[in-house]
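Engineer: If you count by the numbering used here, then the sequence shown holds residues 2 to 211, one letter each, in order.
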Amino acid sequence: MHNLCYTIDALSDSGKQAWRLQEDGSWRTCKYGESLKEGDKRITDVDEAEQWTGQRLKKTADGQLKLVGRPGKFDFWMRGIFAHAVPHRFHTPPIPQKNDLIGVVASLTPGIPWLVYLDTDGRFRALDTRSEPIIGNLDIAVRGEIASSSEYVGPDAACNEQSMNLLYAQFLGGWLEHLKTGQMGVFVPDPEKTKDIDSYLEALNAWQPR
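1. For a minimum of 3 consecutive residues, which ranges assigned as the beta strand (DSSP E) are wholly contained in the segment 64-115?
2. Go ahead and pull the three-state DSSP assignment for residue 181.
3. Could you give the residue range of the alpha helix (DSSP H) that holds residue 53?
4. Name the residue from 57, 200, 94 whose alpha carbon lies nearest to the alpha carbon of residue 80.
5. Distance, Cα to Cα, residue 60 vs residue 22?
6. Kindly identify the DSSP beta-bridge partner or partners of residue 20.
7. Taking 8 Å as the cut-off, decide whether the C-beta atoms of residue 117 and residue 107 are in contact.
8. Kindly list the residues whose CB is nearer than 6 Å to the CB of residue 130, restricted to its own chain and excluding five residues on each side of it in sequence; keep chain order.
9. Can you grab the Cα-Cα spacing for the pair residue 9 / residue 110, in whole Å?
10. On the DSSP bridge assignment, give the partners of residue 6 in chain order.
11. Find out if the Cβ-Cβ distance for the pair residue 83, residue 102 is shorter than 8 Å.
12. Leaving out five residues on either side along the sequence, give the residues of the same chain with a beta carbon under 8 Å from the beta carbon of residue 192.
13. For residue 160, count the other beta carbons within 10 Å of its own beta carbon; 16 or more makes it buried, fewer makes it exposed. Which is it?
14. Is the segment 17-34 in contact with the segment 198-206, if contact means three or more CB pairs nearer than 8 Å?
15. Roughly how many angstroms separate the alpha carbons of residue 99 and residue 17, rounded to a whole number?
16. Going by the DSSP bridge assignment, what does residue 25 pair with across the sheet?
17. Leaving aside the five residues before and after residue 89 along the sequence, list all residues of the same chain whose C-beta is less than 8 Å from its C-beta, in chain order.
18. Could you tell me the alpha carbon to alpha carbon distance between residue 179 and residue 142, rounded to whole angstroms?
19. Helix, strand or coil for residue 44 per DSSP?
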């Protein structure tokens, strides 16, 4: 049983127009990230969804969209319409646990550029940015900053209670935004914009799939 599926939502560079891919290959206008409707193409295979992520499209004379192709490595500054994979959940996911975050941070070797993140199941994970992709990676629901210093990764960092409490609160804030908006790769909020843990837990306990 799948916990979620993805729709392919295309968004204009202004963010004011959005379209959603349909089962028959056509596109309907929509509000980006809106709830599922009959006829929407629902993708449960992550590899298939990732193939759509970042693809560039253009409008045709009849108001539909046509696939142009994936931009080159240095073409992401280009204006236009781009496809995004938007998750839609069938069940309320578990709330990320602080002990899991501490365990992941403690397991990391300082000196390597790590990215600590939450996957779509709300589990803390880390990837080595030297060899694993970040852009278009649909395993990354919420991401922190890339870090290699022992101040931020490794056993010493994991023992810093104040730092771990702040990082956990930041990830809860990012997780809440991910659930509300359907955006992937959400950055954790800046420390000065981060609320207390209890506020996020209350909001997460009240959240329900759309």
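For every residue, glycine included, the Cβ atom is placed at its ideal position computed from N, Cα and C. Owing to the predicted nature of the structure, the values given are computational and were not obtained by experimental measurement.
Structural biologist: With the given structure in hand:
1. The qualifying runs are 66-70, 82-90.
2. Helix, per DSSP.
3. Counting along the chain, the unbroken alpha helix (DSSP H) around residue 53 starts and ends at 47-53.
4. Per the Cα distances, 57.
5. Straight-line measurement puts the Cα of residue 22 at about 13 Å from the Cα of residue 60.
6. Beta-bridge pairing links residue 20 to 11, 30.
7. Not in contact: residue 117 and residue 107 (Cβ atoms no closer than 8 Å).
8. Cβ within range, chain order: 114, 116, 147.
9. Their backbone Cα atoms lie some 37 Å apart in a straight line.
10. Looking at the DSSP assignment, residue 6 forms a beta bridge with 89.
11. The answer is no: Cβ separation not under 8 Å.
12. The beta carbon of residue 192 sits closer than 8 Å to those of 167, 171, all from its chain and outside the five residues before and after it, given in chain order.
13. That one is exposed.
14. Contact between the segment 17-34 and the segment 198-206 is absent, because fewer than three Cβ pairs lie under 8 Å.
15. Cα-Cα distance, rounded: 37 Å.
16. According to DSSP, which records beta bridges pairwise, residue 25 is partnered with nothing at all.
17. Cβ within range, chain order: 5, 6, 7, 8, 36, 37, 43, 183, 210, 211.
18. So the alpha carbons of these two residues sit roughly 7 Å apart.
19. Here DSSP, grouped into helix, strand and coil, assigns residue 44 to strand.
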